[in-house]
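Presented below is the structure to which this report refers.
Residue numbers (the numbering used here): 729 to 983.
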């Protein structure tokens with residue numbers, strides 16, 4: 729039995745000061761029974777860096793996407809589709825809408841998001857969504873593009889029950905990061921109680937959003953253990969049973 733980190737940026741950890749190499753990061757994770765990883769990219773160049781960095785690691789799967797907070801070239805969309813055809817790429821993203829901070833205008837973000845949805849449907853690969861301060865527009869884009877023809881994850885969920893309900897109605901999965909462990913996240917724990925266990929995933933989003941009790945440290949995949957343990961205690965589910973659920977859910981998601 730093992731845990732799966734469904735969203736990490738493993739290639740962007742601090743390898744100059746904190747980690748010897750990717751093998752040391754993976755060994756830390758293995759020691760906490762975290763043994764499968766979905767490594768997520770945010771631009772064409774970032775994907776190329778990610779692919780090179782994780783080459784030969786059979787337990788690391790990749791996603792390919794253009795993050796909404798960055799400015800992207802027109803040619804990146806064509807590159808995105810071509811790169812996403814690779815067997816090692818199992819998901820499209822990280823994509824979505826971020827109206828909190830972005831180098832792109834809202835309309836540009838929406839168009840880019842819609843293109844990701846189109847590619848997701850065309851290639852029949854699930855989509856990974858980032859949504860911040862854009863709940864209404866995110867849901868609207870998903871419905872208008874008929875997202876039910878594919879599946880996906882709303883990652884690092886930090887919204888309300890209404891958003892969760894709409895995402896679940898679309899057939900999506902909801903993934904919690906270390907935010908769920910924060911002392912001021914009571915609003916999010918109410919959502920956790922609402923989500924069916926078979927639609928729930930967990931992630932580190934490392935190197936960001938380290939969970940308690942390691943919140944002041946750089947996040948890494950091994951810290952997924954703390955998130956899983958916290959959720960297990962909160963929903964009063966045996967830890968080993970939760971292990972089995974997450975493995976089954978993620979493998980079903982891949983298919």
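Backbone N, C-alpha and C define an ideal beta-carbon position, used for all residues, glycine too.
Item                                                                                                         : Value
Option in 759, 961, 947, 782 with minimal Cα separation from residue 766                                     : 782
Contact under 8 Å by Cβ, residue 791 with residue 817                                                        : yes
Cα-Cα separation, residue 878 to residue 853                                                                 : 7 Å
Best match in 948, 851, 839, 882 for proximity to residue 759 [C-alpha to C-alpha]                           : 948
Every unbroken beta strand (DSSP E) within the region 806-871, with a cutoff of 3 residues, ordered by chain : 817-826, 855-860
Separation of residue 748 from residue 880, as counted between CA atoms                                      : 33 Å
is_contact[residue 855, chain B] using C-beta, thresh 8 Å                                                    : Absent from the structure is chain B; it holds one protein chain and no more.
Sub-8 Å separation of residue 903 and residue 739 beta-carbons                                               : no
Where residue 763 sits in the DSSP three-state scheme                                                        : strand
As assigned by DSSP and simplified to three states, the class of residue 803                                 : helix
Cβ distance (whole Å) where residue 823 is taken to contact residue 794 below 8 Å                            : 6 Å
Closest Cα partner of residue 951 within the set 842, 966, 906, 863                                          : 906
Residues near residue 884 in its chain [Cβ-Cβ closer than 6 Å; skip 5 each side]                             : 905, 933
Residue 790: first and last residue of the uninterrupted beta strand (DSSP E) it sits in                     : 788-792
CB of residue 741 within 8 Å of CB of residue 797, strictly                                                  : no
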